[in-house]
Amino acid sequence: MSKPAVLVARAVFPEVLERLAAHFEVSANQDDASWSADELAARLAGKQGVFTTASERIDAALLARCPDLKIAANMAVGYNNFDLDAMSARGVLATNAPDVLTETTADFGFALLMAAARRVAESEHYLRAGQWTKWSYDLFAGSDVHGATLGILGMGRIGQGIAKRGAHGFGMNVIYHNRSRLSPELEAECKARYVGKQELLREADHLVLVLPYSPASHHAIGAAELAQMKPTATLVNIARGGIVDDAALAQALRDKRIAAAGLDVFEGEPSVHPELLNVPNVVLTPHIASASRPTRLAMANLAADNLIGYLVHGKPLTPLNAAALNA
Ligand code: 8YV
């Protein structure tokens, strides 16, 4: 019997490709370039499965051109690149890669928070540029993290990881806002208090965004929200580009409406709003919050396990639309 055909849409660990090759006829993106929707559709002809990162859009238009496709497996916990309704309507299973990246991503949220609040990147650039000639009492004086109020918008697994780090490691007062409240047990574990969005914006000394992207969360932080924050506040986005209005944020940073920001995700990435590149009080990283080697490998293996689980054994590990498909 011939093996099912699978497309790997991005270059990925060789050991993961080897695992896939034991079960599938694998075509893989070798050079890590982004494919256009047209190219992706052409390459998906005759494929039953596709290994995606969070950047390949799987929607009705693409699916109409890929009648053989049965599963798209994201090497990411976020899945705003999937149109789940269109996938369900076409009988295509969607899977993501939750849990395996939670702690690594929460670590990075804290790294950005610390770097922005304590002006790590800004001061490093200054030193490298040879500008450090003397000690001065207010040289790169930033905001304290320990004991401050940590606001979290979006309280899924990664948000909870950040809350625990803040409460238990840094003695922070943790407040959060989310579509739904955590159970009292989880609130106690995270030492986090539920508040409305306005209170979150007003009270947070450091605000971390960890909510999923959807049309409802588009520009959840824009000029109006930034105007409500403390002028000493730090904003961290490790969620998705598009949740923050990057132009409004650049303006707020320039005007010192807020003190600093740490951004791992951007509207239209890998392009970055030019105004963000021109303000000093922001730390910018290229979407690497989950990028420890063990975690990226675990994410890739989980995406591979979903392809193998579904196409070989009929049992995916972390399905998103199983109910709609009876999978
Ligand atoms: C991924 C992410 O590295 O998991 C997510 O949702 O944003 C990142 O961890 C990236 O999307 C590549 O798949």
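Start counting at 1 in the sequence shown, then tack on 1, and there's your number in the working numbering. Ideal placement from N, C-alpha and C gives every residue a C-beta, glycine not left out. The model shown is predicted, which means the values in this text are computed figures rather than measured ones.
- In this structure, the alpha-carbon of A168 lies about 6 Å from that of V175.
- Fewer than three beta-carbon pairs drawn from the stretch 176–196 and the stretch 219–231 are found closer than 8 Å, and the two stretches are therefore not classed as touching.
- In this structure L285 is not in contact with N97, their Cβ atoms being roughly 26 Å apart against a cut-off of 8 Å.
- Rounded to whole angstroms, L94 and M88 show a C-alpha spacing of 7 Å.
- Taking a contact to require three or more Cβ pairs closer than 8 Å, the stretch 234–243 and the stretch 206–218 qualify as touching.
- Here the C-alpha atom of A142 lies approximately 51 Å from the C-alpha atom of P317.
- Note on geometry: alpha-carbon atoms of L250 and L227 lie some 7 Å from one another.
- Note that the C-beta distance between G79 and R241 is below 8 Å.
- D69 and N81 have their C-alpha atoms some 22 Å from each other.
- DSSP, reduced to helix, strand and coil, places V283 within a strand of the structure shown.
- Relative to the ligand 8YV, the beta carbon of T103 is positioned no closer than 7 Å to any heavy atom.
- The DSSP-derived three-state label of V17 is helix.
- Only residues of its own chain outside the window of five on either side were considered, and among them N81 have a CB closer than 7 Å to the CB of S215, listed in chain order.
- By the C-beta density criterion, N302 is buried, having at least 16 other C-beta atoms within 10 angstroms.
- The beta carbon of K4 is closer than 6 Å to those of F25, E26 in its chain, skipping five residues each way along the sequence.
- Remark: the shortest separation between the CB of A301 and any heavy atom of the ligand 8YV does not fall under 7 Å.
- Looking from the CA of A248, the closest CA among G269, I239, A34 belongs to G269.
- Rounded to the nearest whole angstrom, the CA to CA distance from E16 to T134 is 49 Å.
- Of the other Cβ atoms in all chains shown, 16 or more fall within 10 Å of the Cβ of E57; this residue is therefore buried.
- Shortest Cα-Cα distance from N75 to any of M300, S144, K165 involves M300.
- Setting aside the 5 residues that flank it on each side, V313 is surrounded in the same chain by H24, each with a C-beta closer than 6 Å to its C-beta; the list follows chain order.
- When the five nearest sequence neighbours on each side are left out, the beta carbons in the same chain lying within less than 7 Å of the beta carbon of V280 are those of A251, L254, R255, in order along the chain.
- The closest heavy atom of the ligand 8YV lies less than 7 Å from the beta carbon of G79.
- Taking the Cα positions, L63 is about 59 Å away from Y138.
- Just so you know, the alpha carbons of S184 and G170 end up roughly 22 Å apart.
- In this structure, the beta-carbon distance from G162 to E104 falls below 8 Å.
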